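2 protein chains.
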Amino acid sequence: MTYCVGIEVNEGLVFAADTRTSASFDDVRVYRKMHVFEWPGDRVFVIMSAGNLATTQLTISRLQRDADDPDATRSLRTFSHLYEVAEYVGDTLVASQVKMKDEAQQSGVNVQSTLILGGQIAGERPGLYMVYPLGNCIATSPETPYLQIGESKYGKPILDRIIRPETSLEDAARCALVSLDSTIRSNLSVGMPVDMALLRSGDLKISQKMRLEADTPLYAEIHDTWSRKLEAAVHSLPRFPWEPPQEREDVPGPLPAMPPRRIPSRQDPGDAQGQQQ
Amino acid sequence: MTYCVGIEVNEGLVFAADTRTSASFDDVRVYRKMHVFEWPGDRVFVIMSAGNLATTQLTISRLQRDADDPDATRSLRTFSHLYEVAEYVGDTLVASQVKMKDEAQQSGVNVQSTLILGGQIAGERPGLYMVYPLGNCIATSPETPYLQIGESKYGKPILDRIIRPETSLEDAARCALVSLDSTIRSNLSVGMPVDMALLRSGDLKISQKMRLEADTPLYAEIHDTWSRKLEAAVHSLPRFPWEPPQEREDVPGPLPAMPPRRIPSRQDPGDAQGQQQ
Chain A
0 MTYCVGIEVN EGLVFAADTR TSASFDDVRV YRKMHVFEWP GDRVFVIMSA GNLATTQLTI
60 SRLQRDADDP DATRSLRTFS HLYEVAEYVG DTLVASQVKM KDEAQQSGVN VQSTLILGGQ
120 IAGERPGLYM VYPLGNCIAT SPETPYLQIG ESKYGKPILD RIIRPETSLE DAARCALVSL
180 DSTIRSNLSV GMPVDMALLR SGDLKISQKM RLEADTPLYA EIHDTWSRKL EAAVHSLPRF
240 PWEPPQERED VPGPLPAMPP RRIPSRQDPG DAQGQQQ
Chain B
0 MTYCVGIEVN EGLVFAADTR TSASFDDVRV YRKMHVFEWP GDRVFVIMSA GNLATTQLTI
60 SRLQRDADDP DATRSLRTFS HLYEVAEYVG DTLVASQVKM KDEAQQSGVN VQSTLILGGQ
120 IAGERPGLYM VYPLGNCIAT SPETPYLQIG ESKYGKPILD RIIRPETSLE DAARCALVSL
180 DSTIRSNLSV GMPVDMALLR SGDLKISQKM RLEADTPLYA EIHDTWSRKL EAAVHSLPRF
240 PWEPPQERED VPGPLPAMPP RRIPSRQDPG DAQGQQQ
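Order-wise, the sequence lines are chains A and B.
The first sequence begins at 0 in numbering that gives the first Met the number 0 and counts up one residue at a time.
The second sequence begins at 0 in numbering that gives the first Met the number 0 and counts up one residue at a time.
Here you go:
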């Protein structure tokens, strides 16, 4: 499995991807799922992939071959609009699947892949597309400013609650890391390390790029402190009618890791031999 | 679809369930999925259900019939241990599915249901079980203090991060409501109103019970403010190396709904005719 998320905000694009591939529980490997194609000052693209690894690698190789060929009529370098690039990447994906399909005929292997393509061409705003296995694609919109591929459910609520076009690029990146961390925690088939790239509108190159391991200080701190921050947030939600009013509200400093019990727990009346012992 | 969550903390049990049933997109109804069986001072049980509605209703009706029969040898009133109740509820569930299966043979309808059973019998600690369609069941543990049925993925990360045995009953209830709200927001097949019940250890009756509509003030406030609290939490996560240090940390009062941009957004160099317009 896989989890990749692309976010488009006014300031630019954020890409984040895990690196775990698995053919089965005992065949787990690390592969980069984030691929960068960069011609600084002219154009920059990031492609993330979920699905069949062989299909993805063939697609990326073909895109690279075309880009390296000065005589190619269609390549990442030849188009002047991002939607044309998305169409071309979709065509390349379909062609790669067709080749795989011929070779893997009757084997029952799913050779499909799904891609997220984002980037910017000089003269245009940045853009973000999901390229489906059929080769067609959809873009983000102000109401839906992010796209996910792979195991998307665990990491979706945080994106739904936070990401808007006005969100800063760095807050969007922090949100993407929380989204990844939640998914990695809940699903064994999504794993560290995490690749992240930021593309600030107008830079026309990758503005920031990093690989985060579990012990990278930034990631470790997010992983370690997010639960505590959530706990403080839950604790600060409205009281129930039967509860005493909250003693401490909006006080300076972090809330304690474990909020004090406001209602003393009652003792069990009976023995300690119940089935929960 | 459905989403129900049961939580066991040291102080007691929390139950929360949505009420939407759907046979298809255009056959959506409201049904109670939380059923209470209460003999105050002696025993109290809560059963929540996901899956085939007819199977669930038959199971609940049979449990009620047995409980109302003073001569019944096996009923919710006859056992002295909760795990025996779980076994009996499992048997009743399997019998209900068998009857349905005979009637719905060859129709392709899935007649299975999955239940969450929680409660307390005098002399025991409260307990919480998931009853599978096969009739077997699993209990919570200190490391896994909650159980979910139905559309569980969207609402799982918040539970994983927050719920521990030491969490207060009310914080667990607030967490359950956030978990429900996240799921309702992300999945059309899970819908309002929400039923919630709290069972404080030793009360031997339902301590608190409520139905929350979308405009119930408590729920509406959680729904409205949770995104803002999350946003403040994301914003307070560690800075990236290239960011200036955070100007305002742990200041009193709520953070603004939209944190100020710390890095001015760059203007697009080119025209405004890109495909993102």
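Yeah, the Cβ is synthetic: ideal placement off N, Cα and C, and Gly gets one too.
If you're wondering where the values come from, they're calculated on a predicted model, not measured in any experiment.
Nearest-angstrom Cα separation, counted from residue j out to residue i
| i | j | result |
| --- | --- | --- |
| B/P268 | A/V233 | Residue placement at B/P268 is poorly supported in this model, since its pLDDT is 38, which falls under 50; the coordinates are not used for a value here. |
| B/S188 | B/R19 | 7 Å |
| A/A196 | A/G117 | 11 Å |
| A/T139 | B/L92 | 45 Å |
| A/R124 | A/A94 | 29 Å |
| B/M209 | B/D194 | 6 Å |
| A/S112 | B/K228 | 36 Å |
| B/D17 | B/D223 | 19 Å |
| A/G154 | B/D65 | 44 Å |
| A/M99 | A/Y87 | 18 Å |
| A/I120 | A/V43 | 7 Å |
| A/M191 | B/L236 | 19 Å |
| A/Q276 | B/L81 | With a pLDDT of 30 at A/Q276, under the threshold of 50, the modelled position of this residue cannot be trusted, and the question is left open. |
| B/R163 | B/P141 | 7 Å |
| A/I262 | B/S206 | Because A/I262 sits at a pLDDT of 37, beneath the cut-off of 50, its placement in the model cannot be relied upon, and the point is left open. |
| B/A103 | B/Q96 | 10 Å |
| A/L52 | A/I221 | 30 Å |
| B/A213 | B/S226 | 16 Å |
| B/R73 | B/R31 | 25 Å |
| B/R61 | B/P69 | 14 Å |
| A/E165 | A/Y145 | 13 Å |
| B/Q63 | B/W38 | 13 Å |
| B/S181 | B/G122 | 37 Å |
| A/Q245 | A/L211 | 39 Å |
| B/A15 | A/V177 | 25 Å |
| B/D270 | B/S167 | Low per-residue confidence applies at B/D270: pLDDT is 37, beneath 50, and the placement is therefore not dependable, though the value from the model is reported in the following sentence. So the alpha carbons of these two residues sit roughly 56 Å apart. |
| B/T143 | B/T215 | 31 Å |
Short Cβ contact (7 Å threshold) for residue i with residue j
| i | j | result |
| --- | --- | --- |
| A/F36 | A/L75 | yes |
| A/E230 | B/I157 | no |
| B/V13 | B/A172 | yes |
| A/C136 | A/G201 | no |
| B/E169 | A/E242 | yes |
| B/L114 | B/I46 | yes |
| B/V27 | B/S21 | yes |
| A/G5 | A/L179 | no |
| B/R184 | A/D159 | yes |
Amino acids of chain B, ordered along the chain, whose beta-carbon sits closer than 8 Å to that of residue i
| i | result |
| --- | --- |
| A/W290 | In this structure chain A extends from 0 to 276, so residue 290 of chain A is not present and cannot be described. |
| A/S226 | R160 and I161 |
| A/L12 | Here the premise fails: no neighbours, minimum Cβ distance about 11 Å. |
Neighbour list for residue i in chain A, Cβ cutoff strictly below 7 Å
| i | result |
| --- | --- |
| B/V233 | I161, D170, R173, C174 and V177 |
| B/I221 | L236 and P237 |
| B/L75 | Under the 7 Å cutoff, chain A gives no residues; its nearest Cβ is about 16 Å from B/L75. |
| B/L211 | Neighbours of B/L211 on chain A: none; closest Cβ ~11 Å, over 7 Å. |
| B/E230 | I161 |
| B/S181 | P156 |
| B/S185 | K155, P156 and D159 |
Neighbour list for residue i in chain A, Cβ cutoff strictly below 9 Å
| i | result |
| --- | --- |
| B/L198 | Within 9 Å Cβ-Cβ: nothing; B/L198 doesn't reach chain A, min ~11 Å. |
| B/L114 | In chain order: nothing, as chain A lies at least about 17 Å away. |
Inter-residue CB distance, residue i and residue j (contact presumed, cutoff 8 Å)
| i | j | result |
| --- | --- | --- |
| A/C3 | A/A71 | Incorrect: roughly 27 Å between the Cβ atoms, too far for contact. |
| B/L203 | B/G40 | 5 Å |
| B/V130 | B/A85 | 6 Å |
| B/N186 | B/M33 | B/N186 to B/M33, Cβ: 19 Å. No contact. |
| B/F78 | A/L217 | With a Cβ gap of about 53 Å, B/F78 and A/L217 do not count as contacting. |
Contact list for residue i against chain A, beta-carbon separation under 8 Å
| i | result |
| --- | --- |
| B/E278 | The question about residue 278 of chain B has no answer here: the residues shown for chain B are numbered 0 through 276. |
| B/Q207 | F239 and W241 |
| B/L146 | Simply none; closest approach about 14 Å. |
Partners in chain B for residue i, counting only beta-carbon separations shorter than 7 Å
| i | result |
| --- | --- |
| A/K152 | K152 and Y153 |
| A/L133 | Ordered by position in chain B, no residue passes the 7 Å Cβ test against A/L133, which lies about 20 Å from the chain. |
**Study point:** Cβ pair count under 8 Å reaching 3, the segment 146-158 of chain A against the segment 91-111 of chain A
**Key:** no
Review point. Are there three or more Cβ pairs, one per stretch, closer than 8 Å when the segment 2-16 of chain A is compared with the segment 54-73 of chain A?
Key: no
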